[in-house]
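Following this note's numbering, the numbering of the sequence shown begins with 200 at its first residue and continues without gaps. Note that beta-carbon positions come from the ideal geometry of N, C-alpha and C, so glycine has one too. Because the structure is a prediction, the values reported are computed rather than measured. One structure below.
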Amino acid sequence: AILEVAATEIKLKKIGEEIKKTTRRVNALEQVVIPRLYGEIRFITAVLEQRAREDVFRLKRIKRKLEAREQQH
């Protein structure tokens, strides 16, 4: 009976240690990794939006040049 209690106690300690490790990993994800990823998503979104605006501007400029050429001929 005493050996069973000791074995159970050891198992519970190991489980407790694993829970602590898992908790630290979850905290790291919640407090560091996930916020960093959201920041990267915001940055990428901003860059893509800026590129889209630049593309629209370029297309308008090209269209104006083509229209000006057509009017000259």
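Consult DSSP for residue i and reduce its assignment to one of helix, strand or coil.
i, result
"Gln-200", "Correcting the residue identity first, residue 200 is Ala in this sequence and not Gln. Looking at Ala-200 - three-state DSSP - the assignment turns out to be coil, as it is neither helix nor strand."
In whole angstroms, give me the CA-to-CA distance for residue i and residue j.
i, j, result
"Arg-241", "Val-255", "21 Å"
"Ala-227", "Arg-263", "53 Å"
"Ile-201", "Arg-223", "33 Å"
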